[in-house]
Every structure is written in structure tokens, then in C-alpha cells.
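Contents: one structure, followed by commentary.
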Amino acid sequence: MDAKRIRNFCIIAHIDHGKSTLADRMLEYTRTVSPRELKEQTLDDMDLERERGITIKASAVTLTYTRDGEEYVLNLIDTPGHVDFSYEVSRSLAACEGALLLVDASQGVEAQTVANTHLALDHNLEMVPAINKVDLQQARPEEVIEEMEHTLGILPRDVVRVSAKTGSGVEDVLGAVIDRIPPPQGDAASPLRALIFDSVYDGYRGVIVYVRIFDGSVRPGDKVYMMKTKRTFDVAEVGVFRPKMTATKGLGTGDVGYFVANIKTIQDVEVGDTVTNFKQKAQEPLPGYQKPLAMVYCGLYPTMDTDLVPLRVALEKLALNDSSFSFEPEQSPALGFGFRCGFLGLLHMEIVQERLERESNVNLIQTAPSVTYEVLTKEGNVLVIDNPEKVPPVNEIEEFREPVVNIKIVLPVEYVGVVMQLAEERRGKYKETEYLSQKRVMLSYELPLAEMIFDFHDRLKSATRGYGTLDYTFIGYKRADLVKLDIFIGGKAVDALSSIVHRDEAYSRGKRSVKKLRVEIPRHMFEVAIQAAIGSRVIARESIKPLRKNVTAKCYGGDVTRKRKLLEKQKEGKKRLKSVGRVEIPQEAFLSVMATNDE
17 MDAKRIRNFC IIAHIDHGKS TLADRMLEYT RTVSPRELKE QTLDDMDLER
67 ERGITIKASA VTLTYTRDGE EYVLNLIDTP GHVDFSYEVS RSLAACEGAL
117 LLVDASQGVE AQTVANTHLA LDHNLEMVPA INKVDLQQAR PEEVIEEMEH
167 TLGILPRDVV RVSAKTGSGV EDVLGAVIDR IPPPQGDAAS PLRALIFDSV
217 YDGYRGVIVY VRIFDGSVRP GDKVYMMKTK RTFDVAEVGV FRPKMTATKG
267 LGTGDVGYFV ANIKTIQDVE VGDTVTNFKQ KAQEPLPGYQ KPLAMVYCGL
317 YPTMDTDLVP LRVALEKLAL NDSSFSFEPE QSPALGFGFR CGFLGLLHME
367 IVQERLERES NVNLIQTAPS VTYEVLTKEG NVLVIDNPEK VPPVNEIEEF
417 REPVVNIKIV LPVEYVGVVM QLAEERRGKY KETEYLSQKR VMLSYELPLA
467 EMIFDFHDRL KSATRGYGTL DYTFIGYKRA DLVKLDIFIG GKAVDALSSI
517 VHRDEAYSRG KRSVKKLRVE IPRHMFEVAI QAAIGSRVIA RESIKPLRKN
567 VTAKCYGGDV TRKRKLLEKQ KEGKKRLKSV GRVEIPQEAF LSVMATNDE
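Numbered per the numbering used here, the sequence shown spans residues 17 to 615.
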């Protein structure tokens, strides 16, 4: 196919604005998928995506579309909308020349719409703005187009109107993609340069590599060289996505597809690497991707020690498919051997845990999530702390720094007061207010990441009756008055329950944690003390009373000293049992401390 008739584009939008549904209509309109095979969210092939109704992984598909007697190849990448998966969006943008920006005609411009637009502009992509769900009774297209013009600088005449549900306007969208998005620029005669934008592991064929060809071509039988990992492989099969993997004779300049090359080891493939021809190597690799910064960390431990190896294998496969996820082994005195894992946000963490439990059949215990902090020691060293256990003793700390994010909240005007109050409760620093239209406003705040990741989004949705949306960008680390809060159970510190909190919140957080643990931990044969402490100072305590057997049940009347002797004997036995006894902490106890609400 001549590169002039190829268009590479992705669909970007806020969550629930109809990206996957519009992709379905395009598959249907171009007859890429037969009516019998078509189903809702065709490109979302994970069970988890279907159950939750959200896109988690970006999916590529090749469409063939004929217009005015000319055949065009449209390589479409459907991207996620949630802020936790924005790295998937940035990877997809690097493989495209254009982006189809979708905005809901009833919801209007949302926080993630603004963020994704800036991401596309940073990649110098040609934008095709479209307004979706114009068939809805509550649609307000004129107002939304005005918002798009005011917020994103989009001209009203450039906006395409479409209904992904009914299919009206799909032809106009495809026409706009062909007319406005430039064909790929590349040299077919140059040595091969292909960007790896994703990869998956197949038990039979090894690692399957997803690539976008920028220069040259690749065919079965070619010997390819990975420029970063410096490994060489023989290509066994190349193909495109329609949307299932379909083998072809080769991939040329501008094409998006995959290749299979008997790659057995997961570590041999790295997302963002450049693939070139072994015999005729390219001089310069492609720019690739910037490694994403993990924002949230937690420990994942198997409930059975024998599941440690299967868990490691599952983590390696998942890290290949999701390059924004990272892990390293760690040991906890309370939970044994496990892994410290890094995520982009709480939803990302939840999805990864669920995928691991489903795909590896391993039951997991998850520790309380924490963000990364910086500690400046009195010797002048800066330590990066991703686990509360790594915090040095108080007398060695010169300064504690916490990660700070810039958040943008888009909401109806009538909820501004309640949202400002919520942000200020979370130690937010007000930046600015921007009116998108007469009824909608965008608030900007500087907020500690630790205050935002737990339940800020849920509280925002409750306060704005579901209409508030937010997006955040990481700014850096700033000085804060932080302390390490330890939880002691039965006199022993449980590292998995330790956390780093602001000094003003330490007492309330400690009191709430010990109360929840008293409810969740079952009674033992001896008294169990639960304490929250900062350093050596205990700030909250609860006790779990022991199970008690009535040892005096058989004493009917008689001398009281006999009863007293039996009770003293029982007390001595319990003391002896306490010295050797081990407190069992169920998974529910760890989860209850993670939940920050009081219910």
C-alpha cells in the first residue's frame, strides 16, 4: 500500500465519552468485522474491561475504507480515558500522526479532555475534533462547541457531529480523518526503524511485539535487531490487527502491526525500543518513551508460600504488557516474602491486583498503599522512600518532603463552594478559576498527592452529584511536617500497617486505625493490645479482651478460696500463652486500615 493512502490515528477523550462505541461503528461501517462477530466494545478483549465498562489497554485495529474509488488503510488505536491509564494514551500518540478528539454533547469538556488534548499537542499531532451523543435528549451541542472553542481553541467549523450509538456521522468522521490527518512520513528505502508500542506474551509463540514502522519494511525471514536490549531474532510471522491478528506478507513504512520472532524471554523486549534490520542497521534509534513515574506503592504477598514463584511469573508477564507497572522483591516480618509494586494510581493498583488473581490463580494480601516521599538526612543525603519501613530514625531526619500535584477540577458552577472546601480540607493551595461557559467552571489547586489518591475522587463525585471530574499532573516534592505512624499488635510492630502521615492528622488516623483493627482481629486466648505510635510515643490504644472459659462452673458453693485458686491458675496460664502466642491478623484487617472513611 502506498504510504500516501495510510492514516494513523487514535481516539482520545474523557472516560465514558464513547470512544469504544465509536470504534465499534467504524468497524461496522468499514465492514472490518462481520455483523455476526460484532459485539459491544469489540476492541476491549479483557473480561475486566467488559465487566467494568472501561478501556484499560489501548487496542490497535486496521480498517480498509474506500472513498471515491480510492482505497485507504486507516490504523486506529482506541485508548483508555481514565487518568490512571494516561501513559497508555501517550504511547499510542507516539505511533500516530493524528488524534480524533471526542467530546460528549451532554457532559461537555471534562478534565481529562483538556489533559489529553495537551498530550496530543505536545506530540505535534493533527486534531480532528468531534462531538458525540448528539442524538441524546439532553444533548447541548452548541454550548459544548462553545466550551471547546473557549477551552481548547478549536474552531466551531472544524467540529464533526456524530452519534456512536446510531452510527450517524461516522462517514463524516472517516472523511475528516482522511482529509485532515497527514499520511506517514518515512523512507521506504532506508534501513528498518520500527517503534515497539506494546507487547503480549503467548504461551505457544513467545512474546508478540506490536510495532509502528517509521522507515523501511519487515518480512518473515528477516533478521531483526533490538537497539536497546541488543538482541537478535529471526522473524517468523508479521501481520496486522483486523481486529484479530491476521498474517500478511510484510509491513511497510507507515504500517501498524505485529511480528512473532520466537522470543522466549520476557526481558528481551522493552516498550519504546527501536527494531532495525540486523544486516543493515539504522544509525539512530527512534525517541521512544519516557519511563513513567510510579505514584502509588503497595506490597503484594501470596497467602501461601508455595505461590511465590507463580506470582513472580505472573508479575513478569503483566509488566511486559503494562510498562507503567513496576515491581521488586521484598520481605516483611509479618507477611513473609512478597513484592513491592509501583502503580500510576489507585484504579491502576486495583486493576493489576484483580488481573493477577485471575490470570495466575494466586490469592493475594495487599498492604496499605503509600506514595513516594523524599527524606533529607542530617548528613545531606536525599533518600527516596517508597515504603514506610525505609524511613530512617527521627533523630537522623533533617527534612521530610511529600509529592505535590496540580489538579484541575471541571464542575458545574453551583458546586464551587463545596469543592473549594473539600480541597482546602485536604491541605490544597488555591491557584485559579477559569469559566468554560456560564454554567461550568475549572478550578486549579496544588494538592499533596497522598491527600488526593485515596478517596478525594469519591468525595468529589459525592459533593458534585457525579458531575465533577478531575485530572492531575505531578509537580515535584515540597517540604512538609510528616511523621511515621507505626501500628503495634501484641507489642510487635506490624510493618505492613505502617504509614506516613501529616503530623496534624496522626492522632485521628491512629485512633481510627486501632478502632478498626479491634473490630477486625478475632479474639485470642490472651489479651491483645493494639497501639498506634509515633516513634516511642503511643498516641492511641485499644484492647481485645481474651476468650474466657468459665473454670469455676463446677464449684457449687463452698470455700471462695477454691474459686480464687482456679482463677489465678487460669491467669498464669494465659500469661504463659501470651509470651509464646502469635496474633493472627486476617486480610480484612489490612483492608479496613486502607479504607479512609469512617464507615
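From the three backbone atoms N, C-alpha and C, an ideal C-beta is built for every residue, glycine too.
This one's a predicted model, so the numbers in the text were calculated from it and none came from an experiment.
How far does the beta strand (DSSP E) with residue i in it reach, from first residue to last?
i, result
"serine 524", "Not the beta strand (DSSP E): serine 524 falls in the alpha helix (DSSP H), residues 519-536."
"asparagine 403", "Asparagine 403 -> no beta strand (DSSP E), and no H or E assigned at all."
"glutamine 347", "342-348"
"aspartate 188", "Segment 186-196 is the alpha helix (DSSP H) holding aspartate 188; no beta strand (DSSP E) there."
"isoleucine 93", "86-94"
"methionine 143", "142-148"
"valine 119", "114-120"
Among the options, which residue has its Cα nearest to the Cα of residue i?
i, options, result
"tyrosine 461", "Lys455, Glu430 and Ile425", "Ile425"
"valine 276", "Asp218, Gln283 and Asp231", "Asp218"
"leucine 616", "Gly114, Ala384, Leu92 and Arg519", "Here the chain comprises residues numbered 17 to 615, so residue 616 is not present and cannot be evaluated."
"glycine 183", "Glu162, Ser36, Gly273 and Arg228", "Ser36"
"methionine 42", "Gly255, Leu116, Gln128 and Met243", "Leu116"
"serine 122", "Met311, Ile161 and Tyr305", "Ile161"
"glutamine 283", "Met311, Phe257 and Arg247", "Arg247"
"arginine 481", "Leu427, Gly492 and Ala263", "Leu427"
"glycine 169", "Val272, Val150 and Pro145", "Pro145"
"serine 1", "Glu332, Glu126 and Asn140", "Residue 1 is absent from the model: the chain starts at 17 and stops at 615."
"glutamate 543", "Pro562, Tyr431 and Ile555", "Pro562"
"leucine 392", "Leu380, Asn379, Val410 and Ile381", "Val410"
"histidine 388", "Gln299, Arg417 and Lys297", "At residue 388 the sequence reads threonine, which differs from the histidine that was named. For the residues Gln299, Arg417 and Lys297, the minimum Cα distance to threonine 388 belongs to Arg417."
"alanine 19", "Arg47, Pro157 and Pro199", "Pro199"
"alanine 127", "Tyr483, Arg258 and Leu372", "Tyr483"
"glycine 354", "Ser339, Glu366 and Val329", "Val329"
"lysine 447", "Ser453, Gln454 and Leu459", "Leu459"
"valine 256", "Thr245, Lys244 and Val272", "Val272"
"valine 178", "Leu118, Glu521, Arg371 and Leu582", "Leu118"
"methionine 320", "Val287, Phe294, Leu380 and Leu334", "Leu380"
"glutamate 286", "Ala298, Leu211, Phe294 and Gly268", "Leu211"
"glutamate 450", "His30, Ala466 and Val432", "Val432"
Note the first and the last residue of the continuous alpha helix (DSSP H) segment covering residue i.
i, result
"aspartate 487", "No alpha helix (DSSP H) contains aspartate 487, which is instead part of the beta strand (DSSP E) from 485-495."
"glutamine 128", "127-138"
"proline 301", "Careful: proline 301 lies outside any alpha helix (DSSP H) and carries neither H nor E."
"tyrosine 241", "Per DSSP, tyrosine 241 belongs to no alpha helix (DSSP H); it is in the beta strand (DSSP E), 239-242."
"phenylalanine 472", "472-479"
"proline 419", "First-last for proline 419: 413-428, but that is the beta strand (DSSP E), not the alpha helix (DSSP H)."
"lysine 333", "324-337"
"glycine 433", "432-441"
"lysine 465", "Note that residue 465 corresponds to leucine in the displayed sequence, not to lysine. Per DSSP, leucine 465 belongs to the alpha helix (DSSP H) from 465-469."
DSSP three-state label for residue i, please.
i, result
"aspartate 18", "coil"
"glutamine 153", "coil"
"serine 515", "strand"
"aspartate 32", "coil"
"tyrosine 220", "coil"
"isoleucine 27", "strand"
"threonine 292", "strand"
"glutamate 615", "Its pLDDT being 41, under 50, glutamate 615 is placed unreliably by the model, and nothing is read from it."
"valine 596", "Low confidence applies to valine 596: its pLDDT is 47, below 50, so where it sits in the model is not reliable enough to give any reading."
"proline 318", "strand"
"methionine 261", "strand"
"arginine 374", "helix"
"glutamine 283", "helix"
"methionine 311", "coil"
"serine 559", "strand"
"aspartate 575", "coil"
"cysteine 357", "strand"
"alanine 549", "strand"
"isoleucine 170", "coil"
"threonine 78", "strand"
"threonine 449", "strand"
"lysine 508", "strand"
Could you round the C-beta distance between residue i and residue j to whole angstroms and report it? I think they count as a contact, below 8 Å.
i, j, result
"isoleucine 503", "serine 478", "Actually they do not touch by this definition, with Cβ atoms about 29 Å apart."
"glutamate 87", "arginine 21", "7 Å"
"valine 150", "tyrosine 45", "Wrong, their Cβ atoms sit about 17 Å apart, outside the cutoff."
"leucine 38", "asparagine 132", "So it is not a contact: roughly 15 Å between Cβ atoms."
"tyrosine 317", "glycine 352", "6 Å"
"valine 368", "proline 326", "In fact, because the Cβ distance is near 16 Å, the residues do not count as touching under 8 Å."
Evaluate contact between the segment 435-444 and the segment 471-482, counting only Cβ atoms and requiring at least three cross-stretch pairs below 8 Å. yes
Is the number of C-beta pairs between the segment 279-296 and the segment 218-236 that are closer than 8 Å three or more? yes
Flag this pair as touching only if the segment 228-247 and the segment 192-206 have three or more C-beta atom pairs under 8 Å; answer yes or no. yes
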